[in-house]
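K.L.:
One structure coming up, written as structure tokens, with questions to follow.
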Amino acid sequence: MSNKLAIFDLDGTLLNTIGDLAHCCNHMLSLRGLETHSYEQYCSFVGNGITRLVERAMPEQLRTAEYIAAARKDFVEYYYNNIDNHTVAYQGVRELIKSLADAGVTLAVASNKFHDGTVRLIERFFGEYKWSAIYGNRDGFPLKPDPAIVELIIGQCGASKENTYFIGDSGVDIQTANSAGVHSVGVTWGFRAREELVENNAEFIADEPEMVASYILS
């Protein structure tokens with residue numbers, strides 16, 4: 001299996017991060033005297049990076065570039081120091097990672113979360129495993145669904161597209177995989193509905209982590 005590459009999305013795929021994202025974004029809103037949002041609302045706000053999360057949480061009349069940039073800065077500073085208070089790994093995900101690692105599959109992460117936060121969470125929850133690439137959003141690099149991050153990882157890991165699997169919970173992830181020309185694996189335990197995965201033409205849909213392992217290792 002050493003020629004296979006599994007690239008994972010982070011939020012909603014490996015980790016349930018919505019509790020900390022919601023708490024920290026609501027903290028930032030409260031500081032500004034703005035209306036906060038529910039857990040369920042945040043499930044639809046996430047997936048396109050921190051800037052879009054902050055923008056979606058804001059009243060429309062405040063969505064100027066300057067205001068969003070200032071709010072994003074405050075959010076990131078608070079979130080980085082409170083990044084794992086409520087975050088947990090999804091049930092069965094540790095076993096999935098172990099089974100892939102034991103089989104010699106190369107592991108990587110491609111997230112729209114800011115880069116430092118992405119690295120910190122992977123080290124915190126899955127630091128015992130070897131990750132050949134961990135990338136979050138960085139200045140000057142396009143967000144998913146642009147396939148650039150997948151292509152970067154493939155090149156860095158020396159993998160082929162026909163042996164690369166991108167695993168994620170959202171339409172953005174499936175679009176990324178399809179645009180990159182790699183296998184798309186949608187998971188249903190995350191923040192988005194199965195219908196979103198179907199609508200975006202996921203090649204494979206998994207209801208449990210062990211299904212992802214069986215698909216990649218078959």
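Those letters in the sequence shown? Residues 1 to 218, by my numbering. For every residue, glycine included, the Cβ atom is placed at its ideal position computed from N, Cα and C. For clarity, every value in this text was computed on a predicted model and none was experimentally measured.
What's the C-alpha gap between Glu66 and Leu53?
P.N.:
Position 66 of the sequence shown holds residue 66. Position 53 of the sequence shown holds residue 53. Going by the C-alpha atoms only, they are around 15 angstroms apart.
K.L.:
Taking 7 angstroms as the limit between beta carbons, can you name the residues of its chain near Thr36, skipping five residues before and five after?
P.N.:
Counting from 1 along the sequence shown, the entry for residue 36 is found at position 36. Hits under 7 angstroms: Asn26, Leu29 and Ser30.
K.L.:
Identify the residues that DSSP records as bridge partners of Thr106: which are they?
P.N.:
Looking up residue 106 in the sequence shown gives position 106. Paired residue(s): Leu5.
K.L.:
Which residue wins for smallest C-alpha separation from Gly104, given the options Gly155, Lys130, Glu208 and Arg72?
P.N.:
Position 104 of the sequence shown, counted from the first residue, corresponds to residue 104. If we check each option's Cα against that of Gly104, Lys130 comes out closest.
K.L.:
Name the one or two DSSP bridge partners that Ser170 has.
P.N.:
By one-based count along the sequence shown, residue 170 stands at place 170. Answer is none; Ser170 lacks a bridge partner.
K.L.:
Contact defined as beta carbons within less than 8 angstroms: I believe Ala133 pairs with Ala108. What is the distance between those atoms, to the nearest angstrom?
P.N.:
Reading the sequence shown from its first residue, position 133 is the one you call residue 133. Reading the sequence shown from its first residue, position 108 is the one you call residue 108. Right, the Cβ-Cβ distance comes to about 4 angstroms (below 8 angstroms), so this counts as a contact.
K.L.:
Check whether the region 185–193 and the region 11–20 are in contact - that is, three or more C-beta pairs closer than 8 angstroms.
P.N.:
The answer is yes - the region 11–20 touches the region 185–193, with three or more Cβ pairs under 8 angstroms.
K.L.:
I want to know whether the region 70–87 touches the region 47–62 - three or more CB-CB distances under 8 angstroms.
P.N.:
Cβ pair count under 8 angstroms is three or more, so yes.
K.L.:
Using the Cβ count rule (16 or more neighbours within 10 Å means buried), how would you classify Tyr135?
P.N.:
Locating residue 135 in the sequence shown gives position 135, where the first residue counts as 1. Flag for Tyr135 reads buried.
K.L.:
Alpha helix (DSSP H) containing Gly136: first to last residue?
P.N.:
Translated into positions along the sequence shown, residue 136 becomes position 136. Careful: Gly136 lies outside any alpha helix (DSSP H), inside the beta strand (DSSP E) at Ala133 to Asn137.
K.L.:
Report the rounded CA-to-CA distance for Ile50 versus Lys113, giving the unit in angstroms.
P.N.:
For the purposes of this step, residue 50 is taken as the residue at position 50 of the sequence shown. For the purposes of this step, residue 113 is taken as the residue at position 113 of the sequence shown. Each residue's alpha carbon lies about 6 angstroms from the other.
K.L.:
Is Val212 closer than 7 angstroms to Val185 when the C-beta atoms are compared?
P.N.:
Numbered from its first residue, the sequence shown carries residue 185 at position 185. Numbered from its first residue, the sequence shown carries residue 212 at position 212. In this structure, Val212 lies closer than 7 angstroms to Val185 by Cβ.
K.L.:
Quick one: what does DSSP say Leu96 is sitting in, helix, strand or coil?
P.N.:
As a first step, residue 96 is located in the sequence shown; it is residue number 96 there, counting from the start. Leu96 falls in the helix class under three-state DSSP.
K.L.:
Between which two residues does the alpha helix (DSSP H) harbouring His115 extend?
P.N.:
Locating residue 115 in the sequence shown gives position 115, counting from the first residue. Its alpha helix (DSSP H) spans residues His115 to Phe126.
K.L.:
Is DSSP giving Ile262 helix, strand or coil here?
P.N.:
As displayed, the chain neither begins before 1 nor continues past 218, which places residue 262 out of reach and without an answer.
K.L.:
Please state if the CB of Asp20 and the CB of His115 are separated by a distance shorter than 7 angstroms.
P.N.:
As a first step, residue 115 must be located in the sequence shown, where it is residue number 115. As a first step, residue 20 must be located in the sequence shown, where it is residue number 20. No, the pair does not count as a contact, with Cβ atoms beyond the cut-off.
K.L.:
Need the endpoints of the beta strand (DSSP E) that Gly186 sits in, please.
P.N.:
For the purposes of this step, residue 186 is taken as the residue at position 186 of the sequence shown. Where Gly186 is concerned, the enclosing beta strand (DSSP E) stretches over His183 to Val187.
K.L.:
Skipping 5 residues on each side, what residues in its chain have a beta carbon closer than 6 angstroms to that of Met1?
P.N.:
Taking the sequence shown and counting its residues from 1, the one referred to as residue 1 is at position 1. For Met1, the pLDDT reaches just 49, beneath the cut-off of 50, and the residue's location in the model is therefore unreliable, leaving the point undetermined.
K.L.:
Do Val187 and Asp169 have their CB atoms nearer than 7 angstroms?
P.N.:
As a position in the sequence shown, residue 187 is number 187, starting the count at 1. As a position in the sequence shown, residue 169 is number 169, starting the count at 1. Yes, Cβ-Cβ distance for Val187 and Asp169 is below 7 angstroms.
K.L.:
Following the continuous alpha helix (DSSP H) through Asn26, name the residue where it begins and the one where it ends.
P.N.:
Residue numbering aside, residue 26 sits at position 26 when the sequence shown is read from its first letter. Start and end: Ile18 to Leu31.
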